[in-house]
């Protein structure tokens with residue numbers, strides 16, 4: 013069971029890294045720590061209209077959380093790089 017948990021944790025960090033790199037390429041300011049030893053499966057990034065962006069993403073079946081001046085994405089081990097790419101393309 014520990015092996016499965018380690019694999020899941022590694023997968024979450026891999027998908028999170030994919031999201032962070034994509035956000036950087038889009039010029040998005042990332043508010044969560046970028047240091048690998050401080051990362052988790054949560055990525056908060058600035059958005060000029062988080063409420064409107066949240067609603068647009070919701071219509072595309074992309075789940076994020078709206079925050080003041082930001083959005084929060086929480087990739088999990090079952091998310092694929094293709095799903096992250098869909099989120100990035102929709103921003």
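Numbering (this note's numbering), first residue to last: 13 to 103.
Beta carbons are placed, not taken as given, at the ideal position from N, Cα and C, and that holds for glycine.
Check	Outcome
Cβ of residue 85 within 8 Å of Cβ of residue 99?	yes
Helix, strand or coil for residue 31, going by three-state DSSP, please let me know.	helix
Report yes or no: do the stretch 20-31 and the stretch 90-99 share at least 3 C-beta pairs separated by less than 8 Å?	yes
Rounded to whole angstroms, what is the Cα-Cα separation between residue 76 and residue 66?	7 Å
Would you mind stating whether residue 42 and residue 57 have Cβ atoms separated by less than 8 Å?	yes
Where do the ends of the beta strand (DSSP E) carrying residue 72 lie?	No beta strand (DSSP E) holds residue 72; DSSP gives it neither H nor E.
Name the residue from 69, 21, 16 whose alpha carbon lies nearest to the alpha carbon of residue 49.	21
So, for residue 34: in the same chain, excluding its five sequence neighbours on each side, which residues have a beta-carbon less than 6 Å away from its beta-carbon?	100
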